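So the sequence shown is numbered by our numbering: it starts at 1167 and just counts up by one.
From the three backbone atoms N, C-alpha and C, an ideal C-beta is built for every residue, glycine too.
Everything numeric in this text was worked out from a predicted model, so none of it was measured.
Working notes for the structure below.
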Amino acid sequence: MEIIVLLGAPGSGKGTAAAHLGTESNLRHVSTGALCREALAQGTAWGEAIRPYMDRGELVPDALVLERVGEVLEGLPTGERVLFDGFPRTPGQAQVFEDLLGDSGWRLRHVILLDVAPATLEERLGARMGCEGCGTIYNLHTRAPRVAGICDACGAALSQRGDDQLATIRRRIQVYEDRTAPLVRYYQERGLLRRIDAGKPADEVARQIRDIVDRDGQAND
Ligand code: AMP
């Protein structure tokens, strides 16, 4: 019952890495960003409550996110390894997460920081396209689809995320610096932080994460 957290700025490649790992490493992937987008698309009451924050590139308030994460944790089958992508994102979320885990018998094993230069983040997010069918992520510069606008894997249309417009991208990176970056220190102090160079190609990033996740060593920075 282990949990691994991927920590990193928007565009650091958390979702791409999780997709690579999920198919190979027997890890269940929980992305709070994907849960948020799903709720928006379905128009649930929770989705409508978070919509204004998502549209502005702001974080959804802790209480709302924690409500959803609590439900997800309750539904997870025991005995699995779970990769959280995009959660926790504030010290407040991290503290409540710790309490939730303590009560449930889950153990936070590693927090893996995907380290990327700020200039690369903007460039990556501006060129990102996602498949509306299977969710495969493309980059128009480094991983373009064979046919423009069409997913190589399933043939569905590709689209840009609503929050991947330049002004919103900049806001999201700033929000990361202000509200999420303090978690680096928080987890460093708890001996859980592992830092990897995520400026490398996606398969190399996935390999570095796999090395940490599959190695049964002590966490350190
Ligand atoms: P992501 O796909 O991880 O970049 O998340 C997209 C958006 O979902 C963020 O900009 C936030 O508005 C919202 N979101 C996702 N995860 C969280 C979280 N842990 N706390 C607050 N807001 C979140």
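Hey, would you say residue i sits closer than 8 Å to residue j, going by beta carbons?
i, j, result
"F1250", "I1316", "no"
"H1195", "A1368", "no"
"D1330", "G1299", "no"
"A1205", "I1216", "yes"
"L1324", "G1301", "no"
"V1262", "L1242", "no"
"G1252", "T1198", "yes"
Compute the beta-carbon to beta-carbon distance between residue i and residue j, rounded to the nearest angstrom, for a pair I have assumed lies under 8 Å.
i, j, result
"I1378", "I1303", "Wrong, their Cβ atoms sit about 22 Å apart, outside the cutoff."
"I1362", "D1281", "7 Å"
"G1209", "V1371", "About 34 Å; that fails the 8 Å criterion."
"R1327", "H1276", "Going by Cβ atoms, the distance from R1327 to H1276 rounds to 27 Å, so no, they are not a contact pair."
"R1345", "L1239", "With a Cβ gap of about 22 Å, R1345 and L1239 do not count as contacting."
"L1172", "A1184", "6 Å"
Below 7 Å CB to CB, which residues in the same chain sit around residue i once its five sequence neighbours on both sides are set aside?
i, result
"T1182", "I1303 and A1368"
"A1283", "G1365"
Here's a check: name, in chain order, each residue in its chain whose Cβ is nearer than 8 Å to the Cβ of residue i, leaving out the five neighbours to either side.
i, result
"P1227", "Y1219"
"P1149", "Here the chain comprises residues numbered 1167 to 1387, so residue 1149 is not present and cannot be evaluated."
"R1381", "none"
"G1383", "Confidence at G1383 is low in this model, with a pLDDT of 45, below 50, so its placement is unreliable and the value that follows should be read with caution. For G1383, where only same-chain residues beyond five positions count, there are no Cβ hits under 8 Å."
Who are the Cβ neighbours of residue i in its own chain at under 6 Å, not counting the five residues just before and after it?
i, result
"R1247", "E1168 and L1193"
query = Using 8 Å as the threshold, is the region 1331-1339 in touch with the region 1276-1292, meaning 3 or more CB pairs across them?
reply = yes
key: Stretch pair the region 1342-1359 + the region 1255-1265: three plus CB contacts closer than 8 Å   = The region 1342-1359 makes contact with the region 1255-1265, as at least three CB pairs between them are under 8 Å.
query = With contact counted as at least three CB pairs below 8 Å, one residue from each stretch, are the region 1268-1275 and the region 1305-1315 in contact?
reply = no
inquiry  = Extract the residue ranges of the beta strand (DSSP E) inside the region 1185-1266, only unbroken runs of 3 or more that lie entirely within it.
reply    = 1193-1197 and 1247-1251
Beta strand (DSSP E) segments (min. 3 residues) lying fully within the region 1277-1332 = Within the region 1277-1332, the runs of beta strand (DSSP E) that reach at least 3 residues and sit entirely inside it are, in chain order, 1294-1297 and 1303-1305.
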